[in-house]
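Undergrad: Per this note's numbering, the very first residue in the sequence shown carries number 549; after that it's consecutive. Glycine included, each C-beta is placed from N, C-alpha and C at the ideal position.
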Amino acid sequence: MVAGADVMLLVVAASVVCVGCLVPNRWLPPLPNDKLLHFVSFAVLSLLALRMADGHAEALLWMGGLLVLGWLIECLQSLVPDRRFCWRDLAANAAGIAFAGLCAQLYTVFF
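1) Which same chain residues end up closer than 8 Å to ALA562 when comparing Cβ atoms and leaving out the 5 residues on each side of it in sequence?
2) Tell me whether GLY618 sits in a helix, a strand or coil according to DSSP, three-state version.
3) Who are the near neighbours of ALA601 in its chain, counting only those whose CB is closer than 7 Å to its CB and skipping five residues on each side?
4) Going by beta carbon distance, what residues of the same chain come within less than 6 Å of PHE647, once the five residues before and after it are set aside?
5) Please return the same chain residues whose Cβ sits closer than 6 Å to the Cβ of GLY644, not counting the five positions on each side in sequence.
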């Protein structure tokens, strides 16, 4: 059963990631490594989503949905001033999702 707090936390985190990715660069402070931010953001989103997954099939759907979200954000960035689509950002998103999935799988094996 999915707790309302888990859903709310995922929605808030996803909203923060979307807003951060879709505002013009000039509105943001100087940021550290952009690819690391993408990796960490999508790893955290994945871990939050995987907490709600009921089984492997649902976990894969969540991870696929987050990958689509990352692709959609990159497409929408091409419409934002000072932003553009970047395959490396999408790869960092995918790597964060895969890392979270691996960590979740290892957690279930060892704990």
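TA: Put simply:
1) LEU593 and LEU617
2) helix
3) ALA607 and TRP610
4) ALA591
5) PHE587, PHE590 and ALA591
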